[in-house]
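A.B. asks:
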Amino acid sequence: MKKNKLVIAAVCVCAASLLSGCGGSSSSSGKVQGKKDSNAIQVTGTVKSKNVESISLGLPENITVGVNNVYVKLGQEVKKNDKVADLDLSDYNSNIDKIQDEIDAEDIKKDKMTDQDQKNMEEKTIDQYNNEITSIKSKLNKSYVSGSSIVCDMDDAVVTSVGYSKGDILNSQQKIVTLEDLKNLQVMAKVPQENINDIKEGQNVTISTQAYSGKSYKGKVTYVGKSVVSSASSSSSLSSNAGSGSDDDDSYIPVEISIDNNDGSILPESSVDLSISRK
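Mapping of the sequence shown onto mature numbering (1 follows the signal peptide of the UniProt record, and there is no 0): residues -20 to -1, 1 to 259, in sequence order.
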C-alpha cells in the first residue's frame, strides 16, 4: 500500500514538473513573438502618386467634341505617347474657321475705310476675334493632346478613371481620363499623436507588405504635419489621402514618406506597413 502511494506521488510530481516546464516555455515564446522594436514607430500607410493628371479640354459650351474611340481601360498601364482616345474635332475646327472668316471680312472693311478713328475701332474688333481664336486653340495646346488624340504624357502611368466611351460627347463637368504617374510615388500615413515628438523629417523608413511576397523597400520621412488632425474631420483632404495609423485612430499627424528604391512593383492605393526609425 505504501509502495502504491509512493508511486502515485512520484507520478504527480513528474506531471506537475512537466506542466510547469511547458507553461514556462510557452510564456517565454509569447514574449518574444509579441516584442516590439522600441527604436521604431510601427504604422500603416497608403501608396499615392505625387503626379495625378485629370485630363479635360475645357472648351466653350458652344463647341461640340465627340469621342471617336477609347483605347484604355481602368487599371491599364500606359507609356509615354500611348494613345488614350481619339476625338472628333470637326465642330472645333468649324468654329475656328467661322471666326477666321469674320476676321477676314473685318480686314476688308478696314482697308476700305478712310477715317482713322473708324479704322482704330475696326482694329479693336479684329483683335477681339484673334483673342477668341487664341483662347480656343490654347485648350488643345497641352502636352497630352496630339492632333485629334489624347495621349499619355508620362513615362509610365496607370489609368485610374475613364469618363467616356466611343460615341459620347464631351462635357465640361466630366474628365476624359485620369492618369497617375507610376514613377513618382510616395506613402501617406497617419502617425498617432502620441508620437508627435518622435517623428521628424529625414528619418529612415522600411516599407513592406505581404502583397509583394515579403519584399521591403527603403524610404525617408519627407513631410510631417505641423498640427494634429482629428479623424472626425473626415472631409479633410489629408484624412482621405492617408493610411490608417492606429486602431482607434482618434487623432493623428499626417506624414509623407518617399520610396527610394521603387522597382515598379508598388501600385497606387495599395496598403503598406511602415517601420519608422526613431534614430
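Virtual Cβ for every residue (Gly too), placed ideally from N, Cα, C.
Which whole-angstrom value is the C-beta distance of Leu37 and Lys119, which I expect to be below 8 Å?
C.D. replies: Looking up residue 37 in the sequence shown gives position 57. Looking up residue 119 in the sequence shown gives position 139. Indeed, because the Cβ distance is near 5 Å, the residues count as touching under 8 Å.
A.B. asks: Taking contact to mean 3 or more Cβ pairs, one atom from each stretch, closer than 8 Å, check whether the segment 200 to 214 and the segment 234 to 246 are in contact.
C.D. replies: Output reads yes: the segment 234 to 246 touches the segment 200 to 214.
A.B. asks: Taking Cβ to Cβ, would you say Ile76 is nearer than 9 Å to Asn175?
C.D. replies: Working through the sequence shown from its first residue, we reach residue 76 at position 96. Working through the sequence shown from its first residue, we reach residue 175 at position 195. Going by C-beta atoms, Ile76 is not nearer than 9 Å to Asn175.
A.B. asks: Quick one: complete alpha helix (DSSP H) runs, 4+ long, within the segment 152 to 219?
C.D. replies: Runs found: none.
A.B. asks: Say whether the segment 63 to 72 touches the segment 83 to 94, bearing in mind that this needs 3 or more beta-carbon pairs closer than 8 Å, one atom from each stretch.
C.D. replies: The segment 63 to 72 vs the segment 83 to 94: no contact.
A.B. asks: Below 8 Å on the Cβ atoms is my contact criterion, and I expect Val139 with Ile187 to pass it. Report the Cβ-Cβ distance as a whole number of Å.
C.D. replies: For the purposes of this step, residue 139 is taken as residue 159 along the sequence shown, with counting starting at 1. For the purposes of this step, residue 187 is taken as residue 207 along the sequence shown, with counting starting at 1. Not really, about 24 Å apart at Cβ, beyond 8 Å.
A.B. asks: I'd like to check one pair, Ser123 with Val50: are the Cβ atoms closer than 9 Å?
C.D. replies: Locating residue 50 in the sequence shown gives position 70, where the first residue counts as 1. Locating residue 123 in the sequence shown gives position 143, where the first residue counts as 1. Cβ distance not < 9 Å, so Val50 and Ser123 don't count as in contact.
A.B. asks: May I ask which residues mark the beginning and end of the beta strand (DSSP E) holding Gln22?
C.D. replies: Position 42 of the sequence shown, counting from 1, holds the residue named residue 22. 20 to 29 is the extent of the beta strand (DSSP E) around Gln22.
A.B. asks: Is it true that the CB of Lys28 sits closer than 9 Å to the CB of Val142?
C.D. replies: Walking along the sequence shown from the start, residue 142 turns up at place 162. Walking along the sequence shown from the start, residue 28 turns up at place 48. Cβ atoms of Val142 and Lys28: not closer than 9 Å.
A.B. asks: Rounded to the nearest angstrom, how far is the Cβ of residue 332 from that of Ser250, given a contact under 8 Å?
C.D. replies: Outside the modelled stretch of the chain, which goes from -20 to 259, sits residue 332, for which no answer is possible.
A.B. asks: Can you tell me the Cα-Cα spacing of Lys60 and Leu162, whole angstroms?
C.D. replies: Numbered from 1 along the sequence shown, position 80 holds the residue referred to as residue 60. Numbered from 1 along the sequence shown, position 182 holds the residue referred to as residue 162. In a straight line, the C-alpha of Lys60 is about 12 Å away from that of Leu162.
A.B. asks: Could you tell me which uninterrupted alpha helix (DSSP H) segments, each at least 4 residues in length, are contained entirely in the segment 54 to 137, listed from first to last along the chain?
C.D. replies: Within the segment 54 to 137, the complete alpha helix (DSSP H) runs of at least 4 residues are 70 to 92, 96 to 118.
A.B. asks: By DSSP, does Val47 sit in helix, in strand, or in coil?
C.D. replies: Residue mapping note: residue 47 aligns to position 67 of the sequence shown, counting from 1. If DSSP states are grouped into helix, strand and coil, Val47 belongs with the strands.
A.B. asks: What residue from Asn184, Glu82, Asn151 has the CA that sits closest to Tyr197's CA?
C.D. replies: If you number the sequence shown from 1, residue 197 lands on position 217. Residue Asn184 is the option with its Cα nearest to Tyr197.
A.B. asks: Taking Cβ to Cβ, would you say Ser210 is nearer than 9 Å to Asp230?
C.D. replies: Within the sequence shown, residue 210 is the residue found at index 230, counting from 1. Within the sequence shown, residue 230 is the residue found at index 250, counting from 1. In contact: Ser210 and Asp230 (Cβ atoms closer than 9 Å).
A.B. asks: Taking the straight line between their C-alpha atoms, what separation do you get for residue 347 and Val47?
C.D. replies: Residue 347 is absent from the model: the chain starts at -20 and stops at 259.
A.B. asks: Is it buried or exposed, Leu254, if we count other Cβ atoms within 10 angstroms and call 16 or more buried?
C.D. replies: Counted from its first residue, the sequence shown places residue 254 at position 274. That one is buried.
A.B. asks: CB-CB under 6 Å to Gln56, same chain, minus the five flanking residues each way: which ones, in chain order?
C.D. replies: Within the sequence shown, the letter at position 76 stands for residue 56. So the qualifying residues of the chain are Val139.
A.B. asks: From Glu103 to Ser74, what distance separates their C-alpha atoms?
C.D. replies: Counted from its first residue, the sequence shown places residue 103 at position 123. Counted from its first residue, the sequence shown places residue 74 at position 94. So the two alpha carbons sit approximately 23 Å from each other.
A.B. asks: So what's Tyr144 in DSSP terms, helix, strand or just coil?
C.D. replies: Locating residue 144 in the sequence shown gives position 164, where the first residue counts as 1. Correct three-state label for Tyr144: coil.
A.B. asks: Are Asn242 and Asn31 close, meaning C-beta to C-beta below 9 Å?
C.D. replies: By 1-based counting over the sequence shown, the position of residue 242 is 262. By 1-based counting over the sequence shown, the position of residue 31 is 51. No, the pair does not count as a contact, with Cβ atoms beyond the cut-off.
A.B. asks: Per DSSP, what kind of secondary structure is Val52 in: helix, strand or coil?
C.D. replies: In the sequence shown, counting from the first residue as 1, residue 52 sits at position 72. DSSP places Val52 in coil when its eight states are reduced to three.
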